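Some notes on the structure that comes next.
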Amino acid sequence: MEKIDKDFSLEAVPQSHRNNFWQILVVMLGLTFFSASMWSGGTLGKGLTFMQFIGITLAGNLILGAYTGALAYIAAKTGLSTHLLARYAFGEKGSYLSSFLLAATQVGWFGVGVAMFAVPVQKVTGLDTYLLIGIAGILMTVTAFFGMKALTILGFIAVPLITILGSFSVFKATESVGGMQGLFQYQPTEAIGLAAALTICVGSFISAGTLTPDFTRFARTKRSAVVSTVIAFFIGNSLMFLFGAVGAIATGQSDISEVMFLQNLIVPAIIVLGLNIWTTNDNALYASGLGFSNITKIPRSKVVIFNGIVGTILAMWLYNNFVDWLTILGSTLPSIGAIILADFFIVNRGKYKKFEEMTFKAVNWTAIVAWAAGVAIAELAPGIPPVNSLLGSVITFVVLSKLFAKKQTEEIIVTEKVG
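The sequence shown begins at 2 in the working numbering and counts up by one.
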């Protein structure tokens, strides 16, 4: 009897293996509950008035929610991961480019996340940093190995705990600045421009948001996929930003775990820090496995073990040297999601032929050119880079697709006349 790949790494997820709304929601919240979002929130909190912070956070996460919600819709309708969806737009071998960029970035963030846990815990407990890295890396890899079932269980435990402990810490921090009145009276010493603030808000998670289909392909309905994703990015991510902003205003520290250390809440701090990073790291490792599985055709569960070992071994090096590179690499990812959206909703008018019935091009150069154009526009054009990247890729891809389709039609007509 043939063993079923419960990850469905290289095929669509059948309805018989789909999950309900709450299961998808906790997985998506686990993805967005990340320390880096709190750091970004802290940066905004220190550089904006509290009213400006609220406005920017809601606007930025609304953009993220719209982008990821649209990807979630496609995933639930087709049952396909980001990497398999990319085959329609980029071609089979063309999708290897997007899979490599997405997967490599996630392995890098996994390593950074492991070190982000180990370094502050070492300072508090005195335990060896590399021992902590080894233990955390092994535990996170083990849970990621078991796929969506483990991600769901971890999310059900982590999400409520992070929310309760984080809210308690923020309540204490708010009291220390004179309550809500003190927050609204806060004036930044070094103000951030609103465009720059929106860039920070959107850019902080749009790369990981591109991987939304890897998780929402398991949703039973398109509605549950979209709603759970929008809640995770609009409400969940906003909550992380709020934790970071209030902590930064009260203590000068952006990370809620650092704030808790200062509040002498050491045990809750370690729990929040560990669960916060664990949930996002497991999602990152899971997604990286799907990406390399698309390239190598090796099942995701086996690839995850290798990726986890690599990320754990390189954790300190990644933490010290790789974050800037990951940020640069991350700026190349939103264009991938934008092209998938444009190909599905505009070029193919919301309909894809079933994956198992498709004969894919080797490489769709239109998508490659549009991706490069999106990256270039994000780097060179004024405004908000992540939004520029999305719009630039979409416009370029649609225009080129229409032009090539028109040219092919004209060539067919000429051939028929000659014949």
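We treat Cβ as the ideally placed atom computed from N, Cα and C, and that holds for glycine.
Keep in mind the model is a prediction, meaning the values are calculated, not measured.
(1) In this structure, what does DSSP give as the bridge partners for F220?
(2) Helix or strand or just coil, what does DSSP make of V376?
(3) Would the beta-carbon of M149 fall within 8 angstroms of that of V260?
(4) Is the Cβ-Cβ distance between V115 and T130 less than 8 angstroms?
(5) Any contact between the region 226-235 and the region 58-73? By contact I mean 3 or more CB pairs, one from each, below 8 angstroms.
(6) What is the DSSP secondary structure of L292, reduced to helix, strand or coil?
(7) Can you list, in chain order, the residues of its chain whose CB lies under 7 angstroms from that of A174, leaving out five sequence neighbours each side?
(8) So, for W110: in the same chain, excluding its five sequence neighbours on each side, which residues have a beta-carbon less than 6 angstroms away from its beta-carbon?
(9) To the nearest angstrom, report how far apart I278 and F118 are at their CA atoms.
(10) Taking only the alpha-carbon atoms, compute the straight-line gap between T367 and G351 and give it to the nearest angstrom.
(11) Check whether the Cβ atoms of K303 and K78 sit closer than 8 angstroms, and answer yes or no.
(12) Give me, in chain order, the residues of the same chain whose beta-carbon lies closer than 6 angstroms to that of S294; leave out the 5 immediate sequence neighbours on both sides.
(13) If you follow the alpha helix (DSSP H) that G362 is in, where does it begin and where does it stop?
(14) Okay, do the region 85-100 and the region 356-367 touch, 3+ Cβ pairs below 8 angstroms being the bar?
(15) Applying the criterion that 16 or more other CB atoms from any shown protein chain within 10 Å of the CB defines a buried residue, is I341 buried or exposed?
(16) In angstroms with no decimal places, state the Cα-to-Cα distance between D283 and V108.
(17) Taking its Cβ as the centre, do 16 or more other Cβ atoms sit within 10 Å of N265, making it buried, or is it exposed?
(18) Roughly how far, in whole angstroms, is the beta-carbon of G31 from the beta-carbon of T360, given that I think they are within contact range, below 8 angstroms?
(19) I'd like the list of long-range same chain contacts for T153, defined as Cβ closer than 8 angstroms, with 5 residues on each side in sequence excluded.
(20) Evaluate A196 with the Cβ neighbour count: other Cβ atoms within 10 Å of its Cβ, from every protein chain shown; 16 or more gives buried, anything less gives exposed.
(21) To the nearest angstrom, how far is the alpha carbon of S289 from that of V395?
(22) Can you check whether the CB of A159 is closer than 8 angstroms to the CB of Y421?
(23) What residue does the alpha helix (DSSP H) around T213 start on, and which one ends it?
(24) Using three-state DSSP, classify E12 as helix, strand or coil.
(25) Where does I339 land, buried or exposed, given buried means 16+ other C-beta within 10 angstroms?
(26) Could you tell me the alpha carbon to alpha carbon distance between V268 and S168, rounded to whole angstroms?
(27) For E380, tell me which candidate among G393, S38 and V370 has the shortest Cα-Cα distance.
(28) Can you find the residues in the same chain that come closer than 6 angstroms, C-beta to C-beta, to A90, ignoring five residues on each side of it along the sequence?
(29) Spatial neighbours of F51 within its chain, please: CB distance less than 7 angstroms, with the 5 preceding and 5 following residues excluded, ordered by chain position.
(30) Which one of K47, A270, I55 and L391 has the shortest CA to CA distance from V122?
(31) Can you tell me which of the three DSSP states V400 falls into?
(32) How many whole angstroms separate the CB atoms of F244 and V171, which I take to be in contact at a CB cut-off of 8 angstroms?
(33) If you scan the region 54-90 from start to end, which runs of the alpha helix (DSSP H) of 4 or more residues do you find wholly inside it?
Concretely, from the data shown:
(1) Note on residue identity: the sequence assigns Ala, not Phe, to residue 220. Answer is N20.
(2) helix
(3) no
(4) no
(5) yes
(6) Leu is not the amino acid found at residue 292; the sequence shown has Gly there. Note: G292 maps to helix in three-state DSSP.
(7) V247, G248, A251, T252 and V260
(8) A285
(9) 7 angstroms
(10) 19 angstroms
(11) no
(12) S10, R301 and V304
(13) Correcting the residue identity first, residue 362 is Lys in this sequence and not Gly. From DSSP, K362 is part of no alpha helix (DSSP H); its letter is neither H nor E.
(14) yes
(15) buried
(16) 10 angstroms
(17) exposed
(18) Incorrect: roughly 37 angstroms between the Cβ atoms, too far for contact.
(19) N20, Q24, V27 and V28
(20) exposed
(21) 25 angstroms
(22) Given a span of 2 to 420 for the chain in the structure shown, any question on residue 421 remains unanswerable.
(23) Per DSSP, T213 belongs to no alpha helix (DSSP H) and is neither H nor E.
(24) coil
(25) First, the amino acid is wrong: residue 339 is Ala here, not Ile. That one is buried.
(26) 15 angstroms
(27) G393
(28) I340, I341, D344 and A368
(29) L184, F185 and Y187
(30) A270
(31) helix
(32) 6 angstroms
(33) none
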